[in-house]
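Report on the structure given below.
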Amino acid sequence: MPQIIFLIFSLLFLPQAGAYVLPLAPNLAHEALSESVPTAFAPNEWTVADFAVQWESGNARFSGLGLIVKAELEAASLEWVRVNDLLVVPRARLFVSVEGIDAGRVMNAGFSQAFWKNASGLSEVKLPVALISGEGNPIEIVLKKDGREYRERLFLEFQPRHPGSSPRMFIDPSCSKFGLTENSIFSSTKPGRPGQKNSWAYIGCRLVQTEGLGHRTSSLETFVFWDNVGQEIEIGGIRTPSSASSVWALRLHSEPGKVNLRAGQGQFDHKIALSYRVPQEFHRGAISLGLGPYSYFYRNSSYETSNWTIMPTFYLSYAVTETMRVVAFDATTLNEQFISDLGIYVNSEYIRTLDRRFVLNLMLGVHFIGFKDQQYYFKVGAPQGVEMIYTDFLGAGRNLSLGGFIYPAIQGKSYYNTWLRWGSGQLFGEVNFISWEEKIDEKEFSARSLGVTLGFPIPFLRFL
Numbered sequence: 000m001p002q003i004i005f006l007i008f009s010l011l012f013l014p015q016a017g018a019y020v021l022p023l024a025p026n027l028a029h030e031a032l033s034e035s036v037p038t039a040f041a042p043n044e045w046t047v048a049d050f051a052v053q054w055e056s057g058n059a060r061f062s063g064l065g066l067i068v069k070a071e072l073e074a075a076s077l078e079w080v081r082v083n084d085l086l087v088v089p090r091a092r093l094f095v096s097v098e099g100i101d102a103g104r105v106m107n108a109g110f111s112q113a114f115w116k117n118a119s120g121l122s123e124v125k126l127p128v129a130l131i132s133g134e135g136n137p138i139e140i141v142l143k144k145d146g147r148e149y150r151e152r153l154f155l156e157f158q159p160r161h162p163g164s165s166p167r168m169f170i171d172p173s174c175s176k177f178g179l180t181e182n183s184i185f186s187s188t189k190p191g192r193p194g195q196k197n198s199w200a201y202i203g204c205r206l207v208q209t210e211g212l213g214h215r216t217s218s219l220e221t222f223v224f225w226d227n228v229g230q231e232i233e234i235g236g237i238r239t240p241s242s243a244s245s246v247w248a249l250r251l252h253s254e255p256g257k258v259n260l261r262a263g264q265g266q267f268d269h270k271i272a273l274s275y276r277v278p279q280e281f282h283r284g285a286i287s288l289g290l291g292p293y294s295y296f297y298r299n300s301s302y303e304t305s306n307w308t309i310m311p312t313f314y315l316s317y318a319v320t321e322t323m324r325v326v327a328f329d330a331t332t333l334n335e336q337f338i339s340d341l342g343i344y345v346n347s348e349y350i351r352t353l354d355r356r357f358v359l360n361l362m363l364g365v366h367f368i369g370f371k372d373q374q375y376y377f378k379v380g381a382p383q384g385v386e387m388i389y390t391d392f393l394g395a396g397r398n399l400s401l402g403g404f405i406y407p408a409i410q411g412k413s414y415y416n417t418w419l420r421w422g423s424g425q426l427f428g429e430v431n432f433i434s435w436e437e438k439i440d441e442k443e444f445s446a447r448s449l450g451v452t453l454g455f456p457i458p459f460l461r462f463l
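Numbering (the working numbering), first residue to last: 0 to 463.
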């Protein structure tokens, strides 16, 4: 009964499974400005000095009225925000000031702010703006003077201070597991204006599966945000309009494993060659094996022993949705007690934060302990667990995870299982500690083990 109560209580916190949809906003600027608490990591050390404010008419409309309007990006205001889950773009605060007006306002990406007068009588606005270049992200200024309204537009443009000092092609951690890499080539047809001075790109990925003839297939959903190259580029040699402002949505097949992008307006030529790896056949289920040395301790009411043993481990995973899996784990000691530690759980993503690199999973399910002591015993329990994962730790595609299952001591029964794991989908290492206690017919049994496992997937055991 205590196990059932513990399991029911844990299930109350299980998130609901559902489709994971990534709607692409027509303009990323609005989404960038709506992020209330940014957690995105800055991919470089750019500042507002790497972006310029450009007047549509050189400020001629306002200067002709005798109005001196100043517009600049506020120092130290640049921050990076995550949009559409897979892309990261910068935003900053625009400072606009003017004297001698009756009223006015500034608008960007649907957000407006009215001018207000400070203590010195200067009218000013401090409005957050997305640092996205070009006419797709206009900033409109409306001033009212002597009963009449006058309008002017501003645009932002990427103008790096040091064009060759830092990379300008950024790949999101969501692409790491697919081995996505890029090779950029810049050339110029106009002397004195190399194309690499005014564009940058950010790329995010997501795997999508569909049913095929005889097996499930997969495609790589890739979003390319390419700033300051207009709204049309070449994809595979064909002119292609953007899916949203400065964003191209690609759906890449497993073959040929590469795609070429090109942007150019006669003054510069910029090519990006993307390479990637996705399986032609997609399987929801996967099996991995592990093996390693473990320090082992066992005790019953009248006997105890400790030694070293080799412990094979078995891992099974079946994807129910993009954020929920059914997982199984088994560790068996190759010694006299022949202890088998088997668990079957629902592993569900509960939190994803810190630029979507930190993941907290809940694991809810059942657990079985089997061991030999004169006869073979088989006991059922319900320890529940959590797992914390930090992606791209010490290398792209390599994750660090810390997790554990716990069933606190209740009526002579307890179970603790903790692990620290690092590696990729092809090879991983794990430090594992397991401790349990059982009380059967007034007899007490307990065991502990601590060891290291080297694990790897078995490709031919993939299923469904």
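Ideal placement from N, C-alpha and C gives every residue a C-beta, glycine not left out. Please read all numbers here as calculations on a predicted model, not as lab measurements.
6 Å CB neighbourhood of residue i in its chain, flanking five on each side removed
i	result
V451	G291, V430
G454	S287, G289, F427
L142	I100, G103, Y149
G396	S175, K176, S423
K196	Only weak support is given to the placement of K196: the predicted model assigns it a pLDDT of 49, under 50, and the question is left unresolved by the model.
T312	G289, A330, T452
G380	Q2, H366, Y406, Y414
Residue i, buried or exposed, once every other Cβ within 10 Å from all chains shown has been counted against 16
i	result
Y375	exposed
F224	buried
A102	exposed
Q373	exposed
W307	exposed
S122	buried
E443	exposed
K176	buried
Q279	exposed
Y314	buried
E386	buried
N117	exposed
H366	buried
F370	buried
Q425	exposed
A108	buried
E151	buried
K257	exposed
T188	For T188, the predicted model reports a pLDDT of 46, less than 50, meaning its position is unreliable; a value from the coordinates is still stated below. When all chains shown are included, T188 counts as exposed.
F61	buried
P42	buried
L11	A caution first: L11 carries a pLDDT of 44, below 50, which makes its placement in the model unreliable, though a value can still be read off. L11 should be labelled exposed.
Cβ-Cβ distance between residue i and residue j below 7 Å
i	j	result
W199	D226	yes
L130	A91	yes
L273	E181	yes
A330	R283	no
A446	Y297	yes
F114	V128	no
S96	K69	yes
E335	K378	no
L85	S173	yes
L153	I170	no
L341	I309	no
G51	N136	A small fix is needed here, since residue 51 is Ala in this sequence, not Gly. No, they are not a contact pair.
P382	Y349	no
A31	V82	yes
V277	S217	yes
P37	V80	yes
W421	L399	yes
F465	R215	Any property of residue 465 remains undetermined from this structure, which presents the chain solely from 0 to 463.
A327	I338	no
Y275	L361	no
Presumed contact (8 Å Cβ cut-off) between residue i and residue j, rounded CB distance
i	j	result
Q230	E156	The Cβ separation is near 15 Å, so there is no contact.
S294	L419	Not confirmed; about 16 Å, so no contact.
V325	V345	6 Å
F404	Y414	7 Å
P25	S244	7 Å
N239	I232	Per the sequence presented here, residue 239 reads as Thr, with Asn not at that position. Sure, about 6 Å apart at Cβ, within 8 Å.
7 Å CB neighbourhood of residue i in its chain, flanking five on each side removed
i	result
I457	I286, S287, L288
R160	A48, D49
R356	P172, Y389, T390, D391
S76	V47, A91, R92
S300	K442, E443
S242	L23, A248
Test: residue i CB closer than 7 Å to a CB of chain B
i	result
K442	Note that chain B does not occur in the displayed structure, where there is just one protein chain.
Neighbourhood of residue i by C-beta, 8 Å cutoff - its chain only, sequence neighbours within 5 removed
i	result
I439	Y376, K378
G65	G99
G411	E436, E437, K438, E443
field: Any beta strand (DSSP E) of 3 or more consecutive residues that is wholly inside the stretch 50-133
entry: Qualifying beta strand (DSSP E) stretches, in chain order: 50-54, 69-72, 78-82, 86-97, 102-107, 110-113, 122-129.
query: What are the start and end residues of each continuous beta strand (DSSP E) run of 3 or more residues lying completely inside the stretch 313-344, in chain order?
result: 323-331
- request: Pick out the complete beta strand (DSSP E) segments inside the stretch 377-439, 3 residues or longer, and give them in chain order.
  value: 383-389, 398-409, 412-422, 427-439
task: Pick out the complete beta strand (DSSP E) segments inside the stretch 223-280, 3 residues or longer, and give them in chain order.
output: 231-234, 237-240, 246-251, 257-263, 268-274
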